[in-house]
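J.: Handing you a structure now.
Number of protein chains: 2
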Amino acid sequence: MKKLFTIIAFTAQSLYAQQHPVTFANKSDFKYVETQINQSEVLNSSFRSIKNQIDSLLNKDIDVPVPKDPAGAYTHEQHKSNYTLMYNAGMLYQITGNSKYALFVKSIFLKYSQLNPTLKNHPQATSAFPGRLFWQALNDANWLVYAGMAFDCIHDYLTPTERVAIADGAFKPIVNYFIKDKKNWFNLIHNHAVWACAGVGIVGIATDNEDYLTAALYGTEKDGKAGFLAQLNGLFSPDGFYHEGPYYTRYALLPFYLFANAIQNVKPDLGIFKYRNSILKKALDVALNQTNLTGEFFSYNDALKDKTYHSNELVVAIDLAWQAYGFDSSYLIIAKAQNKVILNKGGVDISKKIKSLPGNLIYPYHSAEYTDGANGDFGGLSVMRNGKGANLSSLIFKYTSHGLSHGHYDKLNIQFYDKGNEILQDYGAVRYINIEHKWGGRYLPETNSYAQQTIAHNTITVDEKSHYNGKEDVSEMNHPNRVFGSVSSSNLKVESAIDDKAYDNVKLFRTVYLFNLPQSDRKFVLDVFKTYSDSTHQYDLPFNYQGTLMKTNFKYISNTNALSTLGTKNGYQHLWKEAYANRVNPFTQFTFLNNKTFYTISTLADDSLDIFFTRVGANDPNFNLRREPSYILRAYGKNKTFFNAIEVHGNFNPTTELNVGSVSAVTSIQKLQDNDEYSAFEILIDNKKLLLIQCNKDFQQKSEHVFNFGSHQLKWTGPYYLSYNQQQIQ
Amino acid sequence: MKKLFTIIAFTAQSLYAQQHPVTFANKSDFKYVETQINQSEVLNSSFRSIKNQIDSLLNKDIDVPVPKDPAGAYTHEQHKSNYTLMYNAGMLYQITGNSKYALFVKSIFLKYSQLNPTLKNHPQATSAFPGRLFWQALNDANWLVYAGMAFDCIHDYLTPTERVAIADGAFKPIVNYFIKDKKNWFNLIHNHAVWACAGVGIVGIATDNEDYLTAALYGTEKDGKAGFLAQLNGLFSPDGFYHEGPYYTRYALLPFYLFANAIQNVKPDLGIFKYRNSILKKALDVALNQTNLTGEFFSYNDALKDKTYHSNELVVAIDLAWQAYGFDSSYLIIAKAQNKVILNKGGVDISKKIKSLPGNLIYPYHSAEYTDGANGDFGGLSVMRNGKGANLSSLIFKYTSHGLSHGHYDKLNIQFYDKGNEILQDYGAVRYINIEHKWGGRYLPETNSYAQQTIAHNTITVDEKSHYNGKEDVSEMNHPNRVFGSVSSSNLKVESAIDDKAYDNVKLFRTVYLFNLPQSDRKFVLDVFKTYSDSTHQYDLPFNYQGTLMKTNFKYISNTNALSTLGTKNGYQHLWKEAYANRVNPFTQFTFLNNKTFYTISTLADDSLDIFFTRVGANDPNFNLRREPSYILRAYGKNKTFFNAIEVHGNFNPTTELNVGSVSAVTSIQKLQDNDEYSAFEILIDNKKLLLIQCNKDFQQKSEHVFNFGSHQLKWTGPYYLSYNQQQIQ
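Here it is, written out as structure tokens:
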């Protein structure tokens, strides 16, 4: 790192000789866009939608109000709208050459030049990092990014006096607030600080202010421990896995790409897009592979489920990545779905390439084992895929570290998607972004009291306490360890990880297997979740299923006339106990229907277990939580094994009313052995035996194992053996 | 009716000279289809999907199992599949001329000829009308319809001996069971009996059995009091409104059209498609206008919400209607969306016409006032529309009679759709059709205990009892009366109806207004719901909203740690009381979000009122009910007025995160007068006055009214006056 910094510092040149515009695109790029406007429908409509918007406002007086409101309400939305208008009108000026657009931008800027020097902390500011124009500094950083590019576009239109007036009036108060008053925040390795650096850096380039740019690249202390390059080093694993998860990758990719693009334009010698083995390309690719069939980002950590790769951040990232890294057919598939491009060379090229592409292509989703942590040694996340086209199933196994302030207490959590639907969900965050009515669009208290808690996840909660007792600073220091696994076979994906830090004196060991039953259209997830402890505990393993209960093979008691909560704290206070079953026969089945497909969870607990059907919604006085169900398995003891077979089966067509395969094919589960050395299970499916033997001690790929059952001996190599009807699945 | 019957009987001719096939299409029609197969993509793919299905099964032994299972399970699904296979293969034989298809059909028929004579009542039969092949006779009727057409297609391929074997073995046991053992059922005026008549009639034509056809047309007593013509007379109002509602129209249209088509082919003199002023065309048109933007049928009465005009029944009806009635551009829009045609002349013509049509056209939805009852004098239903294209809002006001066994206790109910979403819902039925796990796909007990009850609807329940005390026979004899209204203006739709039979000693009087606020994108429904009684009652008016609570202008108490039910019977036992507010300030607002749009209900009760936030799901031991919310206004007294303004506002875009208009523009409601003569309200919206004066006594269109407020006098003509900012809306 240190060496690298030296080289970079050496190549840095003065900005003063700079031509403008340069941050987003230069004059000839914009000219090129202009010549190509009618060459493709997508480019043309992207251009038109901006032009129509601005043209309809050109003769109006644009309000630059004194900041007052929270997110979702008037002054917030107006300032947000203003920076987009300025940016769009700035580009229009460059593309069309019509000075009315430049005048429009200038007149707004002059108002900000009056307003910004008068601002103190926003009246709705509630965080440690309040903004000036907005309730949080993050939004002020957004403003800088777009306003900076807008200024750059009209730089040459402005008189030198006007430039100084805007630089000193509109920009300086916010930049100084960031790099002086809030320098601790500005120097963080966190998505907010990425926006802050991008904003300050882009304004630096636009206003020819080398100091700003240096602070943005290397931190306020100019030592490279903070700033954009440190963020590129610290926020991604070597694979490109972003520490805060896909929802925030989406958000961070925008300033990463916009600022990198600006840096590339003024300091090409820095080779920013090649930095860290092209970490920005990896970051984009990992983000895209962490979406579901219709583009929704996996919802683990604080995530809102309606965010997809159609969002503006990904349009910008795809088109800039195309420009920076060249042809990538997977980007075309995304761009086709986005049906929108940005007004630069990358956007033009892509818009032409996707013209002849058919619609509804599916991104080349693939299985992957991502490491977490800047050095790739802080746990990780495996994405396991099965099935082609729209028949895709995705099993996500999470053994990452915490993921900063938006992480959850969810060690060894799984999430399962099938045919575009979320089947075993991660609740995501409790937030109605930008909706004034819902606490100004902020994260709601139930994010912490429910969504981040362990019980909200498909993993084990011990003694009704969340992992690390819900302490972020402790969680941030630790992570599970992957012990074995492979996603390279098309037949079988396996991943296994151990966590012995989430609880004192309890070790959690989970292994999941995803495969198609040979000669069958049934898919299975086998889930072996073992606990080890010297003392007796209560272990709760929820399946937060999405769907409607169809059938159980056991009797349960419904709380039909009154409901109470499952517990009193750590998320349990938010769960209504709709029904329960005590000491259930060890072979337990539960079938639910989600969107025309049936799913059955067949369970063998190592002795009798309790089961709860719960629903989210208790202690929710403001109706912030979705009323969603969970199926919770509870066992008491020291060393316990939860063995579950999750089966995907059947198809119900409500149009034709034809219904096939609605009944589970699993008719029994038997434990053959379960000790320190092996866990072995025999599952009867369609009257044939599925055999799983898993090693609990020796996880070496090359170790040879012998397993005796009865007079029969089985030999294999590696940490597990799976067969159906005596044929090995591997 | 009597006279008509004579004429019809006179024109009836013997079937014995009949050429085959004739029921679905004749030889030259099928030949025409063959020549056109490659002329359009839709026709070709419709043909291919049938051909691929049959070709994949040609060499397989098709199982004709002994009936055993309920709906959704093996034997049920197999017999259902078999009749489709026979029908499809029969058509393929005619179209391709390849006798392998005829042989395929014959071999299945011969198995049925063995099986059917041995059958008694189905072992899963639980209704009064059990089937033989299926659990209910209705499904046996389905079988007759398709098997009849299949037989007709291979009629000439069979030897006379084979024909007799099939007619006597496969058909006769079921037909005789219908027209002899179950003649009371066969002679009903009800959708089941429509299927039964169509089945017996089509088999009659296919097997040259005049007796069957006569029974099908005129009932088993051959007196015209039952049978197909009586059904055409009795099940529709003169407008074509089907007594059981749109969900069952969809279902009944299939046998209506298939049998009418067959009748037209053998007895063209009957002019069946022109019968009763082309009642079958009206029926189809009324059904189509009772769908929402994406084709879902309005969900009142026992309905499943996933049924759309894409369903097979509507493909058949559209294509046969095209053949019978000629060009209708609205049918092309539906056919384009269906993307499928049937293999007859109508299907061929339509497939060519829609080739050049753009996708995503919207059916020409329009406002309408439909009457109910064979003579149009049994109440009715108004459909009020506002807005163009995807911005369509639909308000449904229901003052029909009961609607046979699938009707609900829902006098004066409203339902509201906006932009394709159901905003104020009718729950529909509680049923998972054809899903074995859910009581064999039958109607579940909660249909009666909850969905049919008054409290499940957006209308008033008095003293926690359903309308007519939940007695179907009483409800069937009565209906509300429309008192005034108009849907002819594009600005304002108004409908008003009174019911004084649903409760003893209580009169219910509801008037709804749908309009756009002038010079605004805000839509409003004003809802004036008055009760009259000599004695004190509890009046509950629910708004079964779909969405998430955003905001209220009043404080409520949440039942955060324990839930109890709202009541103990008549549907109340299924409602959890999530929160409540007592004696709320008369100007009360509640805002919710549904799919990016905000909706606010602003209420003025005539004195203080109680409010409940409830959720469906109590006393639901089998998890059959959806967990959906309701907002219930409760008032106590004799004569009460519920005045509500339902406002459609704002737009939240989760992709751009821009949010506009999320706050209601209504800031107060004042009652100016509310007595026997007038109800007058002043609503402050954006600081301007919306004034509504409604007449409560004189509903004449031509009556002149004078209303004094203060020194000011207002004059108008007709039963209501509405103005905004002193400009009349009309």
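One line per chain: the protein sequences are Y and S, in this order.
This note's numbering runs 46 ahead of the 1-based position in the first sequence.
This note's numbering runs 46 ahead of the 1-based position in the second sequence.
Glycine residues also receive a C-beta, built at the ideal position from the N, C-alpha and C atoms.
Nothing here was measured: the structure is a model prediction, and the numbers come from that model.
Report the option in S:L156, S:R178, S:K517, S:F530 whose CA atom is closest to the CA atom of A196 of chain S.
T.: Here the closest residue by C-alpha is S:L156.
J.: Using the three-state DSSP reduction, which class does H356 of chain Y fall into: helix, strand or coil?
T.: Here H356 of chain Y sits in coil by DSSP.
J.: Is there a Cβ of chain Y sitting closer than 8 angstroms to that of P667 of chain S, yes or no?
T.: By this cut-off, P667 of chain S is an interface position.
J.: By how many angstroms is the C-alpha of V662 of chain S removed from the C-alpha of E624 of chain S?
T.: So the alpha carbons of these two residues sit roughly 10 angstroms apart.
J.: Applying the 10 Å Cβ sphere with the 16-neighbour rule, what's the burial state of G426 of chain S?
T.: Classification for G426 of chain S: buried.
J.: DSSP three-state call for A695 of chain S: helix, strand or coil?
T.: Note that residue 695 of chain S is His in the sequence shown, not Ala. Strand, per DSSP.
J.: Am I right that F688 of chain Y and I715 of chain Y are in contact with their C-beta atoms under 8 angstroms? What's the rounded C-beta distance?
T.: At roughly 12 angstroms, the Cβ-Cβ gap does not stay under 8 angstroms, so F688 of chain Y and I715 of chain Y are not in contact.
J.: Using a Cβ cut-off of 7 angstroms, which residues of the region 187 to 204 of chain Y contact any Cβ in chain S, in chain order?
T.: From the region 187 to 204 of chain Y, no residue has a Cβ closer than 7 angstroms to chain S.
J.: Could you check if Y770 of chain S is buried or exposed, using at least 16 other CB atoms within 10 Å of its CB as the buried criterion?
T.: Buried is the call here.
J.: With DSSP run on the structure shown, which of helix, strand or coil describes W189 of chain Y?
T.: W189 of chain Y: helix per DSSP, three-state reduction.
J.: Could you check the C-alpha separation between I775 of chain Y and V558 of chain Y for me, to the nearest Å?
T.: Roughly 14 angstroms separates the two Cα atoms.
J.: With three or more beta-carbon pairs closer than 8 angstroms as the criterion, would you say the region 573 to 588 of chain S touches the region 499 to 513 of chain S?
T.: They touch, by the three-pair rule.
J.: Could you tell me whether the Cβ atoms of Q499 of chain Y and N616 of chain Y are closer together than 8 angstroms?
T.: Taking 8 angstroms as the Cβ cut-off, Q499 of chain Y and N616 of chain Y qualify as a contacting pair.
J.: State the Cα-Cα distance for the pair Y416 of chain Y and Y626 of chain S, rounded to the nearest angstrom.
T.: For Y416 of chain Y and Y626 of chain S, the distance between alpha carbons rounds to 49 angstroms.
J.: Comparing C-alpha positions only, which one of Y:K351, Y:N233, Y:F150 sits nearest to S102 of chain Y?
T.: For the residues Y:K351, Y:N233, Y:F150, the minimum Cα distance to S102 of chain Y belongs to Y:F150.
J.: Can you pull the chain S residues whose beta carbon is under 9 angstroms from the beta carbon of R661 of chain Y, in chain order?
T.: Per Cβ cutoff of 9 angstroms: G663, R673.
J.: Taking only beta-carbon atoms, is T646 of chain Y less than 8 angstroms away from chain S?
T.: Answer no: the Cβ-Cβ gap between T646 of chain Y and chain S never drops below 8 angstroms.
J.: Counting only Cβ pairs nearer than 8 angstroms, list the residues of chain S close to I481 of chain Y.
T.: The contacting residues are M596, L639, F698, N705, S708.
J.: Could you tell me which chain Y residues have their CB closer than 9 angstroms to the CB of T121 of chain S, listed as they occur along the chain?
T.: In chain order: nothing, as chain Y lies at least about 13 angstroms away.
J.: Suppose you measure from the CA of L339 of chain S to the CA of Q82 of chain S; what does that come to, to the nearest Å?
T.: In a straight line, the C-alpha of L339 of chain S is about 32 angstroms away from that of Q82 of chain S.
J.: 8 angstroms is my cut-off, CB to CB: does Y766 of chain S come that close to chain Y?
T.: So, not an interface residue.
J.: Using a Cβ-Cβ distance under 8 angstroms, would N185 of chain Y count as near chain S?
T.: By this cut-off, N185 of chain Y is not an interface position.
J.: In whole angstroms, what is the alpha-carbon distance linking S757 of chain Y and Q746 of chain Y?
T.: Cα to Cα, S757 of chain Y sits roughly 26 angstroms from Q746 of chain Y.
J.: Kindly indicate if chain S contains any beta-carbon less than 8 angstroms away from that of W622 of chain Y.
T.: Answer yes: the Cβ-Cβ gap between W622 of chain Y and chain S drops below 8 angstroms somewhere.
J.: Would A403 of chain S count as contacting chain Y if we go by Cβ distances under 8 angstroms?
T.: It is Leu, not Ala, that sits at residue 403 of chain S in the sequence shown. Cβ-Cβ to chain Y under 8 angstroms: no for L403 of chain S.
J.: Report the rounded CA-to-CA distance for R673 of chain Y versus K391 of chain Y, giving the unit in angstroms.
T.: About 47 angstroms.
J.: Alpha carbons only, please: which of Y:V520, Y:I220, Y:E208, Y:P169 is nearest the one belonging to D186 of chain Y?
T.: Ranking the options by Cα distance to D186 of chain Y, first place goes to Y:I220.
J.: In chain order, what residues of the region 105 to 118 of chain Y put their CB closer than 9 angstroms to some CB of chain S?
T.: Under the 9 angstroms Cβ criterion, the region 105 to 118 of chain Y contributes A117, G118.
J.: Between A664 of chain S and F343 of chain Y, what straight-line distance do the alpha-carbon atoms span, to the nearest angstrom?
T.: Roughly 35 angstroms between the two C-alpha positions.
J.: Would you verify that the beta carbon of S610 of chain Y is, or is not, closer than 8 angstroms to some beta carbon of chain S?
T.: Closer than 8 angstroms: yes.
J.: Taking the continuous alpha helix (DSSP H) assigned at F753 of chain Y, which residues delimit it?
T.: Note, F753 of chain Y: premise wrong, no alpha helix (DSSP H); beta strand (DSSP E) at 750 to 755.
J.: What residues of chain S sit near N754 of chain Y, judged by a beta carbon separation below 7 angstroms?
T.: Per Cβ cutoff of 7 angstroms: no residues; N754 of chain Y is ~40 angstroms from chain S at best.
J.: So what does DSSP say about G194 of chain Y, is it helix, strand or coil?
T.: The answer is helix: DSSP assigns G194 of chain Y an H, G or I state.
J.: State the beta-bridge partners of N640 of chain S as determined by DSSP.
T.: N640 of chain S is bridged to S:T643.
J.: So is A58 of chain Y in contact with chain S if we call contact Cβ pairs under 8 angstroms?
T.: Since pLDDT at A58 of chain Y reaches only 45, below the 50 mark, its modelled position is unreliable, and the value read off the structure follows with that caveat. So no, A58 of chain Y is outside the interface.
J.: With a 10 Å radius around its C-beta and 16 neighbouring C-beta atoms as the bar for buried, classify L768 of chain Y as buried or exposed.
T.: L768 of chain Y comes out buried.
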